[in-house]
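With full-length UniProt numbering as the guide, the letters of the sequence shown map in order to residues 1 to 138. Glycine is no exception: its CB is placed at the ideal position from the N, C-alpha and C atoms. Predicted, not measured: the structure shown is a model, and the values here were computed from it. See below for the structure under consideration.
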Amino acid sequence: MEVVGTCGKRTLSSGETSNKPSITSIYDDVVVGFEKHAEIIMNKLIRGTKKQDVISIYGMPGLGKTTLAKKVYNNPSIVNYFDVKAWCSVSQAYDRRMLLVEIFKQATNDKIKIKEDDDVADMLRKGSNRQEISYRIR
Numbered sequence: 001m002e003v004v005g006t007c008g009k010r011t012l013s014s015g016e017t018s019n020k021p022s023i024t025s026i027y028d029d030v031v032v033g034f035e036k037h038a039e040i041i042m043n044k045l046i047r048g049t050k051k052q053d054v055i056s057i058y059g060m061p062g063l064g065k066t067t068l069a070k071k072v073y074n075n076p077s078i079v080n081y082f083d084v085k086a087w088c089s090v091s092q093a094y095d096r097r098m099l100l101v102e103i104f105k106q107a108t109n110d111k112i113k114i115k116e117d118d119d120v121a122d123m124l125r126k127g128s129n130r131q132e133i134s135y136r137i138r
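Written out as structure tokens, the structure reads:
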């Protein structure tokens, strides 16, 4: 599998920057070999049950799990289907509350200050009763 990232401006050896697109920016979001897997995940997200489902993407490091998830997350079918989306990266050691706060901010586009004693999970739950929501946690 080959994944090519984005590289906006290039710095030339003379120290100047160039707006000419680099090879990597031309092929942004080109992912080879994940079409079948992306289609399966998108079908489960869109045509799945009305219950809250979890779709796990797992495997050895470097296989492209995040790339696959990003491809699905940014697909126009998914973007248009869900009213709300949130993208958060989770390391092995993480703060559950801070993760929920980040999801809440993305889901609500709110700039409100969340007090220490606020139950963020409950706030998310109440907001999700009215909408189709996709939370992507890595």
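**Prompt:** Can you tell me whether DSSP reads V101 as helix, strand or coil?
**Reply:** In the structure shown, V101 sits in a helix (DSSP, three-state: H, G or I).
**Prompt:** Beta carbon of I114: closer than 8 Å to some heavy atom of the ligand ATP?
**Reply:** Only the bare structure without any ligand can be found here, which leaves the ligand ATP out of the picture.
**Message:** Taking the alpha carbon of S89 as the reference point, which residue from Y58, L99, I114 has its own alpha carbon closest?
**Reply:** Comparing Cα positions, the closest option is L99.
**Request:** Write down the C-beta distance between L45 and I55 rounded to the nearest angstrom, noting that I regard them as a contact closer than 8 Å.
**Result:** Confirmed, Cβ separation roughly 7 Å.
**Message:** My output table needs one value for K85: the three-state DSSP class, helix, strand or coil.
**Reply:** In the displayed model, K85 falls within a strand according to three-state DSSP.
**Asked** Looking only at its own chain, which residues have a Cβ that is under 6 Å from the Cβ of L124, when we skip the five neighbours before and after it?
**Response** Same-chain partners within the cutoff: F104.
**Whole-Å CB distance - residue 156 paired with I78, under 8 Å assumed** = The question about residue 156 has no answer, for the chain in this structure spans 1 to 138.
**Request:** Indicate the three-state DSSP secondary structure (helix, strand or coil) for K44 in the structure shown.
**Result:** Under the three-state reduction of DSSP, K44 is assigned to helix.
**Asked** Between which two residues does the alpha helix (DSSP H) containing A93 stretch?
**Response** Taken as a continuous stretch (DSSP letters only), A93 belongs to no alpha helix (DSSP H), as it is neither H nor E.
**Message:** Alpha carbons only, please: which of K85, K51, K65, E39 is nearest the one belonging to T108?
**Reply:** The candidate whose alpha carbon is nearest that of T108 is K85.
**Asked** For the alpha helix (DSSP H) that T66 lies in, which residues bound it at each end?
**Response** Counting along the chain, the alpha helix (DSSP H) containing T66 begins and ends at 65-73.
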